[in-house]
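Engineer: Just passing along the structure, written as structure tokens.
There are 2 protein chains.
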Amino acid sequence: MRTRDRIVAAARALFNEQGFGAVTTAALAAQCGISEGNLWYHFKTKRDLMEAVADQFAETIDARLLLRPDPDGDGIADYARLIGALMEEFRLFRFLYRDQAAYGEHAPVIGQRAPEWIEATFAQIEAHLARLVDEGQLAWPRAGLRDLSINATIILRYGLEHYRELGEPTGTGTGAVRRTMERHLTLFQHALEPAAARRLRTALAEIAEIPIAA
Amino acid sequence: MRTRDRIVAAARALFNEQGFGAVTTAALAAQCGISEGNLWYHFKTKRDLMEAVADQFAETIDARLLLRPDPDGDGIADYARLIGALMEEFRLFRFLYRDQAAYGEHAPVIGQRAPEWIEATFAQIEAHLARLVDEGQLAWPRAGLRDLSINATIILRYGLEHYRELGEPTGTGTGAVRRTMERHLTLFQHALEPAAARRLRTALAEIAEIPIAA
DNA sequence: AAAAGTTTAGGGTGCGCACCCTAGACGGGC
DNA sequence: GCCCGTCTAGGGTGCGCACCCTAAACTTTT
């Protein structure tokens, strides 16, 4: 891996743990096992580094937003795939999801595009849920799918913070990701066809075991 | 109002807007219309000031946690009262609710008590919802009330951030508070007796108009 | 082998910020 | 009038941090 990429990855991880402001360039250089001078060779300012992370964030979101329910596929599997991708994103860029509006100042791409991303995410989830309704796996009024999508997004997104504040560990392997996904299921599991509910639960449990690209 | 109290109130408001770290003591003094020296007369360190705000936070939560559904009262009114108190708290101490775990380092009371507060909040909401079930106003399985309470807490709590990120104004008078409360209603309004749903909606709308102690 | 790119080590700067210090002014209570 | 508490003004310090600089060493590419 190129040094520059290693720096961006380490920065993202440290920002997730401590927040952007609390991570010193000295600590970051040490984490990468490089000299601070080398950090400055690759990035002119700390803000440039933030923008590199933000660009990755944008790319990740753009790629995820391409996910669509397959018309000839399996709605449950497609939905699980989407939720898995979302959770991965929330974890990879946790500091940005913790207080995204505040980072808009540091990285213009975020400030400009956050609203559109959020709306597109709701629409994406809604499309997947609508597929479940079409397949007879979910009994939910069409008019209520948007609200369900929004609520699901909020629950998934803030789930890890929720467990963190309860004093529970939230890192990989702790079960927090699985619990977060299960929590979001409580929004609509009563309206799922029982076998579909079981399949979805199983699919999400498998996804929860996949470690993220640290 | 005593200067010390004015300082604490101004600090809380500025921390809500900018976060603790981004508020300089110089800016705070200016906001209070006092000299910086006077700020240091009242508080030895910035952290002492943080702790004063945190103490208020703790008191507010402890007082709110005393709210109980009145056995001889009206479940809907009691529930609205609780939700109103919660929303007020989320707004008064918005910065602490934005990233509460991170503030545990600055103010020990938060770090030590956050888990217990959160659990108590769930139980409180659950008790109020159970009352609605008992009164026949809400059709919800008793076993599902805890999940509903948790989800409601998360939605209410992060609702303002949600609108903020959509680029919508969230201050007093913008309708964001009302929309947040309505959003949480989408979790269970389909299970509310129709007249009860209308009454609750009306009660929450009235609460949303009450400005918070700036 | 030479050129280009990357990295190190070690010194440094400038700035922002929390906080200190001091003498004196002012206001309220006795 | 005295005492005490509160506040001001204006000067300051020390520290943490992002970032700079430079020569040399090392690695990769041509």
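Protein chains in written order, with the UniProt record's numbering: chain A, 1 to 214; chain B, 1 to 214.
Even glycine gets a Cβ: it sits at the ideal position worked out from N, Cα and C.
1) Counting C-beta neighbours from all protein chains within 10 Å, is the total for alanine 214 (chain B) 16 or more, i.e. buried, or is it exposed?
2) Could you tell me whether the Cβ of glycine 19 (chain A) comes closer than 9 Å to any Cβ of chain B?
3) List, in chain order, every chain A residue whose beta-carbon is nearer than 9 Å to that of glycine 175 (chain B).
4) What do you reckon, are the CB atoms on threonine 60 (chain A) and cysteine 32 (chain A) nearer than 9 Å?
5) Buried or exposed: phenylalanine 43 (chain B), going by 16 or more other Cβ atoms within 10 Å of its Cβ?
6) Whole-angstrom Cβ separation of threonine 172 (chain A) and isoleucine 212 (chain A), contact assumed at under 8 Å?
7) Interface residues of chain B around glycine 102 (chain A) at Cβ under 8 Å?
8) Which one or two residues does DSSP pair with leucine 138 (chain A) in a beta bridge?
9) May I ask you to list, following chain order, the residues of the segment 96-122 of chain B that have a beta carbon less than 8 Å from some beta carbon of chain A?
10) For a contact defined as C-beta to C-beta under 8 Å, what are the partners of residue 267 (chain B) on chain A?
11) Who are the Cβ neighbours of leucine 132 (chain B) in its own chain at under 6 Å, not counting the five residues just before and after it?
12) Quick check: tryptophan 40 (chain B) and threonine 25 (chain B), are their CB atoms within less than 9 Å of each other?
13) Return the Cβ separation of serine 35 (chain A) and alanine 27 (chain A) in integer angstroms, given the expectation that the two are a contact with Cβ distance under 8 Å.
14) Could you list the residues in the segment 131-157 of chain A with a C-beta less than 9 Å from some C-beta on chain B, going in chain order?
15) Identify each residue in the segment 172-199 of chain B for which the Cβ-Cβ distance to at least one residue of chain A is less than 8 Å, and report them in chain order.
16) Are the beta-carbon atoms belonging to isoleucine 83 (chain A) and leucine 204 (chain A) less than 9 Å from one another?
17) Report back the beta-carbon spacing between leucine 187 (chain B) and isoleucine 155 (chain B) to the nearest angstrom; my notes put them in contact at under 8 Å.
18) Roughly how many angstroms separate the alpha carbons of isoleucine 118 (chain A) and glutamate 193 (chain B), rounded to a whole number?
19) Between leucine 160 (chain B) and the rest of its own chain, which residues show a CB-CB distance below 8 Å, the 5 nearest in sequence each way excluded?
20) Would you identify the three-state DSSP class for leucine 145 (chain A), choosing helix, strand or coil?
21) Can you look up isoleucine 207 (chain A) in the DSSP assignment and give me helix, strand or coil?
Structural biologist: This is what the structure holds:
1) Per-residue confidence for alanine 214 (chain B) stands at a pLDDT of 48, beneath the threshold of 50, marking its modelled position as unreliable; no derived number is given.
2) yes
3) Near glycine 175 (chain B) there are no residues of chain A at all, since even the closest Cβ is about 16 Å away, more than 9 Å.
4) no
5) buried
6) 7 Å
7) The sequence given here has alanine at residue 102 (chain A), not glycine. Chain B residues near alanine 102 (chain A): Gly19.
8) A:Leu192
9) Arg98, Asp99, Gln100, Ala101, Ala102, Ala114, Pro115, Ile118, Glu119
10) Chain B is shown from 1 up to 214; residue 267 (chain B) falls before or after that span and cannot be answered.
11) Gly75, Leu138
12) yes
13) Contact flag wrong, Cβ pair sits at about 13 Å.
14) Pro141, Gly144, Asp147, Leu148, Ile150, Asn151, Thr153, Ile154, Ile155, Arg157
15) Arg183, Thr186, Leu187, His190
16) yes
17) 7 Å
18) 32 Å
19) Phe90, Arg91, Arg94, Thr170, Ala176, Val177, Thr180
20) helix
21) helix
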